[in-house]
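For reference, the structure discussed in these notes is given below.
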Amino acid sequence: MPTFLWKTSQKWETSFNFSSVTKHYSVELVRLKRWWREECQVFTNGLQIHPVIFKRLNGLALCSNSETYSWTFDGRSFLLMIVRGLCSMAKHHLFIDGVEISTNDSRLSPSTLLRRRGWLLVCFGFIELVMGISLESICYIEDIDETWFLFWELLGRVLLIFGFLKIVEGLKSPVARYSDCHARVYTV
1 MPTFLWKTSQ KWETSFNFSS VTKHYSVELV RLKRWWREEC QVFTNGLQIH
51 PVIFKRLNGL ALCSNSETYS WTFDGRSFLL MIVRGLCSMA KHHLFIDGVE
101 ISTNDSRLSP STLLRRRGWL LVCFGFIELV MGISLESICY IEDIDETWFL
151 FWELLGRVLL IFGFLKIVEG LKSPVARYSD CHARVYTV
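Once you know that position 182 of the sequence shown is 182 in full-length UniProt numbering, the rest is easy, because the numbers rise by one and skip nothing.
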C-alpha cells in the first residue's frame, strides 16, 4: 500500500541551439501528496536532483508565499517556481536561464508572476470586501427576521475579514528580482 495520497507528474522539454551543438533538456517534476506535506522529486535529463519537501497544513496554503527551488545542471541555471494562492495561478513554472519554458517567453519573469498573483489577490479581496459590506448593510436596511438576520450578518462579517486578509496578503506579496539571468532569485 502506498504511503502517499496521490502522485502526479509534470514534464517540460526544450532544446537550446549553440554554435554547433543542440542540447536537449527534459525536466520532470513528480509530486507525492502525503498527509502533512508534499514531497517533490525533480529529475533533469533522467537524473534526480535533491528532493524538495514543502510542508503545509494538509494542502492548505496558509499565508501562501511562493516556493522556489533553483539548481544548476550542465552549466544552465534552472528555477522551479510554485505559485500558490489562487486556483488559476496554482501551477508550476520552470525557468531555464531566465526563460519560462511553458510559454517560451523571456519577458515573463518570477517577479511578473508574483506581481500578477498579488494583484489578483487584491482584486478578489476587494470583491469579497464589497460583498461583505453590502451584506452587512442589507441586514440593517431590510426588515429580516431574527434567524436570517444573524446568518446574513455572520456571512457579511466573514467576507469582510477574508477580503481584508486577501488584500493584505496581495499587497505584501514578495517581489522577486533577477540580478542576472544566471543568478539566483532573491525575494525582498
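All C-beta atoms in this analysis are idealised placements derived from N, C-alpha and C, irrespective of residue type, glycine included.
### Task
Report yes or no: do three or more beta-carbon pairs, one from the segment 105-120 and one from the segment 7-21, lie closer than 8 Å?
no
Checklist entry - What are the partner residues of S26, as DSSP defines its beta bridges? => result Against the sequence shown, residue 26 aligns to sequence position 26. Partner(s): E13.
Q. DSSP on S134, reduced to helix/strand/coil?
A. Counted from its first residue, the sequence shown places residue 134 at position 134. In this structure, S134 counts as helix in the three-state DSSP scheme.
Contact between the segment 124-140 and the segment 30-46 is defined here as three or more beta-carbon pairs at a separation below 8 Å; is this criterion met? Taking 8 Å as the limit for Cβ pairs, the verdict is that the segment 30-46 does not touch the segment 124-140.
| query | By DSSP, does I144 sit in helix, in strand, or in coil? | reply | One-based indexing of the sequence shown puts residue 144 at position 144. Coil, per DSSP.
* To do: Spell out a yes or no on whether the segment 40-48 and the segment 69-83 are touching, meaning 3 or more CB-CB pairs, one atom from each, closer than 8 Å.
  => yes
* To do: Kindly indicate which three-state DSSP category W152 falls into: helix, strand or coil?
  => Reading the sequence shown from its first residue, position 152 is the one you call residue 152. Here W152 sits in helix by DSSP.
Do you know offhand how far K7's Cα is from T147's?
-> On the sequence shown, position 7 is the one that residue 7 refers to. On the sequence shown, position 147 is the one that residue 147 refers to. In a straight line, the C-alpha of K7 is about 45 Å away from that of T147.
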